[in-house]
Amino acid sequence: MQTIEDKYERLKSLIKEKGSIAVAFSGGVDSSFLLKVASDILGDKVVAATATSPTYPAFEFKEAVNLAKKMNVRHIIFESDELEIPGFSENSPKRCYFCKNELFTILKDKARELGVDHIADGTNCDDLADYRPGREAAIETGVISPLAESGMGKGDIRILSKRLGLPTWNKPAFACLSSRFPYGTEITADRVRMIETCEDLLRGLSFKQFRVRYHGNVARIEVDEGDINRLLSGAVRKTIAHEFKKAGFKYISVDIEGYRTGSMNEAITEKSRSN
Numbered sequence: 002m003q004t005i006e007d008k009y010e011r012l013k014s015l016i017k018e019k020g021s022i023a024v025a026f027s028g029g030v031d032s033s034f035l036l037k038v039a040s041d042i043l044g045d046k047v048v049a050a051t052a053t054s055p056t057y058p059a060f061e062f063k064e065a066v067n068l069a070k071k072m073n074v075r076h077i078i079f080e081s082d083e084l085e086i087p088g089f090s091e092n093s094p095k096r097c098y099f100c101k102n103e104l105f106t107i108l109k110d111k112a113r114e115l116g117v118d119h120i121a122d123g124t125n126c127d128d129l130a131d132y133r134p135g136r137e138a139a140i141e142t143g144v145i146s147p148l149a150e151s152g153m154g155k156g157d158i159r160i161l162s163k164r165l166g167l168p169t170w171n172k173p174a175f176a177c178l179s180s181r182f183p184y185g186t187e188i189t190a191d192r193v194r195m196i197e198t199c200e201d202l203l204r205g206l207s208f209k210q211f212r213v214r215y216h217g218n219v220a221r222i223e224v225d226e227g228d229i230n231r232l233l234s235g236a237v238r239k240t241i242a243h244e245f246k247k248a249g250f251k252y253i254s255v256d257i258e259g260y261r262t263g264s265m266n267e268a269i270t271e272k273s274r275s276n
């Protein structure tokens, strides 16, 4: 059985043999760790690449910019408006494929202009167990996933990130705001802003791990089970109700199962995944 040290050495070896890499960098736990390791090994042969879009929250973008600067890594920023991609706004189970296909296609062109040989994303082993159509786009466009290839899961990445002094080692898991919509529900700029406004409020109230799911007039809030009681306490509950309604929701519900990754995938069938 591989130890965390075995995986780490494997990762460093994989990166070293690539020569130059553009890391698809969101500022999250995985891509931050990958960028740090790649930068330590390849130096100025590494580029961080971040796409701004309506579904990429402002706070996340700011953190990515600051972290790339702190690492002293060259950082390129480009626009990718998912809402304009055919098939994306309709929000089928293949939504992520359309998004990642455009993102990686643009990034391939950027990498070619910069003389960079490879594009890498932050996919880890744990991600492979969930339904992730974006993986199909990564494979089609030749994007490599060194974390997954080295056998690293999220737990390994957090441990090693802490060892390397990365502030993201205990950062909550995050996904783009389009993941807040049930498949088949149209994604629009106004609806995305509603979600972002409400999640900014929860962040401001010191909730760490949460999601606001869009169900028409209803907002479904997921927080860690240990935070549900605080969410429902008098003052916090009233603030949330007032601000969520101000953002555009009519009703606010709390998911008693709490936060969990991929909860929107629970409702899809094998047949719908191929559509």
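Heads up, the sequence shown is in our numbering, so the first residue is 2 and it goes up one at a time. Glycine is no exception: its CB is placed at the ideal position from the N, C-alpha and C atoms. Computed from a predicted model, the values in this text were never measured in an experiment.
Of the residues the options, the one placed nearest residue i, counting alpha carbons only
{"i": "Lys155", "options": "Lys172, Arg192, Tyr132", "result": "Lys172"}
{"i": "Arg192", "options": "Ala248, Lys71, Asp41, Tyr260", "result": "Ala248"}
{"i": "Cys177", "options": "Met2, Phe211, Leu12", "result": "Phe211"}
{"i": "Gly116", "options": "Tyr184, Pro55, Lys46, Tyr98", "result": "Lys46"}
{"i": "Leu206", "options": "Cys97, Ala25, Arg238", "result": "Arg238"}
{"i": "Thr106", "options": "Ala25, Glu18, Glu223", "result": "Ala25"}
{"i": "Asp110", "options": "Gly143, Arg11, Cys126", "result": "Gly143"}
{"i": "Val74", "options": "Gln3, Gly152, Ile42", "result": "Ile42"}
{"i": "Met72", "options": "Phe99, Glu18, Pro168", "result": "Pro168"}
{"i": "Pro55", "options": "Asn218, Ile188, Glu150, Ser254", "result": "Ile188"}
Beta-carbon gap between residue i and residue j smaller than 8 angstroms
{"i": "Ile120", "j": "Ala112", "result": "yes"}
{"i": "Leu148", "j": "Ala23", "result": "no"}
{"i": "Asp228", "j": "Phe208", "result": "yes"}
{"i": "Val38", "j": "Ile5", "result": "no"}
{"i": "Arg181", "j": "Arg214", "result": "yes"}
{"i": "Tyr260", "j": "Val224", "result": "yes"}
{"i": "Ser27", "j": "Ala65", "result": "yes"}
{"i": "Ala242", "j": "Leu84", "result": "no"}
{"i": "Ser305", "j": "Val30", "result": "Look at the range of the chain in this structure, 2 to 276, and you will see that residue 305 is not part of it."}
{"i": "Glu141", "j": "Leu202", "result": "no"}
{"i": "Gln3", "j": "Gly152", "result": "yes"}
CA-to-CA distance, residue j to residue i, given in whole angstroms
{"i": "Thr258", "j": "Arg221", "result": "What sits at residue 258 in the sequence shown is Glu, not Thr. So the two alpha carbons sit approximately 11 angstroms from each other."}
{"i": "Gly20", "j": "Ile158", "result": "22 angstroms"}
{"i": "Lys272", "j": "Lys95", "result": "At Lys272 the pLDDT is 45, less than 50, meaning the model places this residue with poor confidence and gives no usable figure here."}
{"i": "Arg133", "j": "Ile86", "result": "18 angstroms"}
{"i": "Thr124", "j": "Ser146", "result": "6 angstroms"}
{"i": "Lys101", "j": "Pro58", "result": "17 angstroms"}
{"i": "Lys13", "j": "His216", "result": "43 angstroms"}
{"i": "Leu233", "j": "Glu197", "result": "21 angstroms"}
{"i": "Tyr184", "j": "Arg164", "result": "39 angstroms"}
{"i": "Tyr9", "j": "Ala174", "result": "21 angstroms"}
{"i": "Cys97", "j": "Glu103", "result": "10 angstroms"}
{"i": "Ser275", "j": "Arg136", "result": "Caution is warranted here: a pLDDT of 49 is assigned to Ser275, below 50, making its placement in the model unreliable, and no coordinate value can be reported."}
{"i": "Arg11", "j": "Cys199", "result": "41 angstroms"}
The region 37-52 contacting the region 74-83, beta-carbon criterion three pairs below 8 angstroms: yes
Which runs of the alpha helix (DSSP H) spanning at least 4 residues fall entirely within the region 129-209, listed in chain order? 135-141, 147-150, 155-164, 190-205
Assess contact between the region 85-93 and the region 32-46, defined as three or more Cβ pairs (one per stretch) separated by less than 8 angstroms. Is contact present? no
Threshold first: 3 residues or longer. Then list the beta strand (DSSP E) segments lying entirely within the region 9-42, N to C. Runs of the beta strand (DSSP E) inside the region 9-42: 22-25.
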